[in-house]
Amino acid sequence: MSTLTYDPTPADNPEFSEEEQASIQVGEALEEQQNGLLAGKFQDAEALEKAYIELQGKLGSSSNEPSEEVEEEKTEEEPTALLDRLWEEASKEALTQETIDALNSSSPEDLAKMYMDYRSGVEQSQQENAPTVLTEEQVDGLKNVVGGSDKYDQMITWASNNLADGDINMFDHVMDKGDPAACFFAIQALQYRFQEGTGYDGQMITGKPAANKADVFRSQAELVAAQGDPRYENDPAYRNDVMEKLMRSPDIKF
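If you count the sequence shown from 1, you need to add 42 to reach my numbering.
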């Protein structure tokens, strides 16, 4: 049986042809030239380092761009908005984790300032919406429209016993606002409902004779239209006619 043997002595006759040996020499020359460049591209370490720094700069700028866009999209919540949200959720007994996290991330100083700003805004809103308080002189003048304090009290007592709750609430709402002009018209309207209800049909409190009952406001819309006429603001005579007509209109509700 034949066996495999290994002879380390170089062969007298090379295994490659002359063409193959020439190709090997060319490949070895190219490999030496390639190994002479760092990373296959750079002549020295300085060129390699410069290219690495440039690459890191490009990678860093590209990775930062999305985060910058995200930061631009974020909007800071108004301090008072957090308190409004807290109040709304607390009233429903359902605090969200977002609100809890927002409170935990706020310092005591921030919360104190937030509360002071919130209270300042609430107080300012209350002052702006607070009703006007009539002066003593204005109150006396309005009561004199119906003949004085005693007559006014009689009228209010009658209204409490005879008018519907809705009518009473509307009258109270107008009076609570404290607008002298609105109060005047409300009292005038109530006065003539009082006169109609008690059978008073004699001379007017102002001393003027009773006018034609046909000359009255038949609806709230007619009264509003008369008050919207430019003459109502500029012509005292026209404004007085409107007031007298309103006084003759017991069916107009305030």
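A virtual CB, placed ideally from N, CA and C, is assigned to each residue, including glycine.
As the structure is a prediction and not an experimental result, all values here were calculated from the model.
What is the residue span of the alpha helix (DSSP H) that residue 286 lies within?
-> Start and end: 278-289.
Residue 235 beta carbon less than 8 Å from that of residue 258 = no
Pair every Cβ in the stretch 197-217 with every Cβ in the stretch 271-289, then say whether three or more of these pairs are closer than 8 Å.
-> no
Since residue 204 contacts residue 239 with CB under 8 Å, what's their CB separation in whole angstroms?
-> 6 Å
For residue 201, which of 141, 229, 224 and 191 has the nearest alpha-carbon?
-> It is 229.
Simplified DSSP assignment, three categories, for residue 116 | Note that residue 116 scores 45 on pLDDT, short of 50, meaning its location in the model is unreliable; the coordinates nonetheless yield the value given after this. Looking at residue 116 - three-state DSSP - the assignment turns out to be coil, as it is neither helix nor strand.
State the CB to CB distance for the pair residue 233 and residue 175, rounded to an integer number of angstroms; the pair is presumed to be in contact (CB under 8 Å).
-> Going by Cβ atoms, the distance from residue 233 to residue 175 rounds to 23 Å, so no, they are not a contact pair.
Considering only residues of the same chain and omitting the five flanking positions on each side of residue 281, which have a CB-CB separation below 7 Å?
-> 274, listed in sequence order.
Excluding the 5 residues preceding and the 5 following residue 225 in the sequence, name in chain order all residues of the same chain whose CB lies nearer than 6 Å to its CB.
-> 184 and 217
Determine the DSSP secondary structure at residue 218, reduced to helix, strand or coil.
-> helix
Using the Cα positions of residue 207 and residue 131, report the straight-line distance between them to the nearest angstrom.
-> 36 Å
Please classify residue 136: does DSSP put it in a helix, a strand, or coil?
-> In the structure shown, residue 136 falls within a coil segment according to DSSP collapsed to helix, strand and coil.
Range covered by the alpha helix (DSSP H) that runs through residue 183 | 178-186
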